[in-house]
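Under the working numbering, the letters of the sequence shown match residues 28 to 110, in that order.
Read the structure below first, then the notes.
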Amino acid sequence: MVVIRLSRGGAKARPFFNIVVADKRNRRDGNFIERIGFYNPIATEKEESIRVAQDRLTYWQGVGAQASPTVERLIKQAAKKAA
């Protein structure tokens, strides 16, 4: 099964997450199919905190990829900022 989830990066106490499409059997920070965005939870007002490639997200959901609950929440949050 293909899932859309967060992959952690960044340093200790300074998290940064990539939004990736991966096989469910792979580790959280392991191999992934495609990176479709990022989430920076500690971004300042001047910095971009979330970016998602909507066309790629739509494509992967169209072919059956399931988004994790956290990613679904972030997608809704990004849609509010864009509107």
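Where a beta carbon is used, it is the ideal one built from N, C-alpha and C, also for glycine.
Being a predicted model, the structure only gives us computed values, none of them experimental.
- Comparing C-alpha distances from Ile63 to each of Lys107, Glu72, Ile77 and Ala70 shows the shortest one belongs to Ile77.
- Closest in C-alpha terms to Val47, from the list Ala106, Lys107, Gln81 and Gln104, comes Gln81.
- Within the same chain, Met28, Val29, Val30 and Ile31 come within 8 Å of Gln93 by CB-CB distance, once the 5 residues on both sides are set aside.
- For a cut-off of 8 Å, the C-beta gap from Phe59 to Asn53 is around 7 Å, short enough to register as a contact.
- Looking only at Gly57, Gly91 and Ala40, the smallest Cα-Cα distance to Ile69 is reached by Ala40.
- Residue environment analysis places Val90 among the exposed positions, since fewer than 16 neighbouring C-beta atoms fall within 10 angstroms of its C-beta.
- Judged by beta-carbon spacing, Asp50 lies beyond the 8 Å limit of Arg35, meaning their Cβ atoms are not closer than that value.
- In this structure, Ala105 places its C-beta atom within 8 Å of the C-beta atom of Val79.
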